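Here is the structure we will look at, set down as C-alpha coordinates.
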Amino acid sequence: MKKYLYTGLIMLLVMISFIVYALKHPEAFFLLSLKLTYLIYFIYLTAMVGMFILYFKSKT
19 MKKYLYTGLI MLLVMISFIV YALKHPEAFF LLSLKLTYLI YFIYLTAMVG MFILYFKSKT
(Lines of atoms letter the chains of each structure in order from A and count residues from 1; the text may use other names and numbers.)
(Lines give C-alpha, C1' and ligand atoms only; values in the text may rest on other atoms or scores of the structure.)
Protein backbone atom coordinates (compact mmCIF):
# COMPACT_ATOMS: atom_id res chain seq x y z
CA MET A 1 0.00 0.00 0.00
CA LYS A 2 1.24 3.43 -0.90
CA LYS A 3 0.38 4.92 2.50
CA TYR A 4 3.25 2.96 4.09
CA LEU A 5 5.67 4.27 1.46
CA TYR A 6 4.49 7.86 1.85
CA THR A 7 4.63 7.64 5.64
CA GLY A 8 8.15 6.19 5.51
CA LEU A 9 9.33 8.85 3.08
CA ILE A 10 7.86 11.66 5.17
CA MET A 11 9.52 10.23 8.28
CA LEU A 12 12.83 10.01 6.39
CA LEU A 13 12.55 13.65 5.28
CA VAL A 14 11.73 14.77 8.83
CA MET A 15 14.72 12.83 10.13
CA ILE A 16 17.07 14.39 7.56
CA SER A 17 15.69 17.86 8.31
CA PHE A 18 16.21 17.31 12.04
CA ILE A 19 19.80 16.17 11.51
CA VAL A 20 20.58 19.19 9.31
CA TYR A 21 19.05 21.56 11.87
CA ALA A 22 20.93 19.87 14.72
CA LEU A 23 24.24 20.17 12.87
CA LYS A 24 23.68 23.87 12.16
CA HIS A 25 22.55 24.69 15.72
CA PRO A 26 24.75 22.80 18.20
CA GLU A 27 23.67 25.15 20.99
CA ALA A 28 20.13 23.69 20.96
CA PHE A 29 19.49 20.79 23.31
CA PHE A 30 16.78 18.62 24.85
CA LEU A 31 15.89 18.78 28.53
CA LEU A 32 15.72 14.98 28.54
CA SER A 33 18.32 12.54 29.70
CA LEU A 34 20.61 11.16 27.03
CA LYS A 35 19.29 7.64 27.58
CA LEU A 36 15.69 8.75 26.99
CA THR A 37 16.72 10.76 23.92
CA TYR A 38 18.40 7.70 22.40
CA LEU A 39 15.30 5.63 23.17
CA ILE A 40 13.11 8.13 21.31
CA TYR A 41 15.51 8.10 18.34
CA PHE A 42 15.49 4.29 18.30
CA ILE A 43 11.68 4.09 18.38
CA TYR A 44 11.43 6.64 15.56
CA LEU A 45 14.00 4.80 13.42
CA THR A 46 12.30 1.45 14.06
CA ALA A 47 8.90 2.86 13.06
CA MET A 48 10.36 4.38 9.89
CA VAL A 49 12.07 1.15 8.85
CA GLY A 50 8.85 -0.71 9.70
CA MET A 51 6.89 1.48 7.27
CA PHE A 52 9.26 0.58 4.45
CA ILE A 53 9.10 -3.12 5.36
CA LEU A 54 5.29 -3.03 5.39
CA TYR A 55 5.29 -1.33 2.00
CA PHE A 56 7.57 -3.90 0.38
CA LYS A 57 5.71 -6.82 2.02
CA SER A 58 2.36 -5.53 0.76
CA LYS A 59 3.70 -5.26 -2.81
CA THR A 60 4.19 -9.01 -3.07
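Residues in the sequence shown are numbered consecutively from 19, following this note's numbering. Ideal Cβ placement from N, Cα and C applies to all residues, glycine included. All of these numbers come straight from a predicted model, not from anything done at the bench.
In this structure the stretch 21-32 lies against the stretch 62-73, because at least three pairs of beta carbons, one per stretch, are closer than 8 Å. TYR73 is a Cβ neighbour of TYR22, given a cutoff of 7 Å.
For ALA46, there is no enclosing alpha helix (DSSP H), as DSSP marks it with neither H nor E. Here the alpha carbons of THR78 and ILE34 stand approximately 29 Å from one another.
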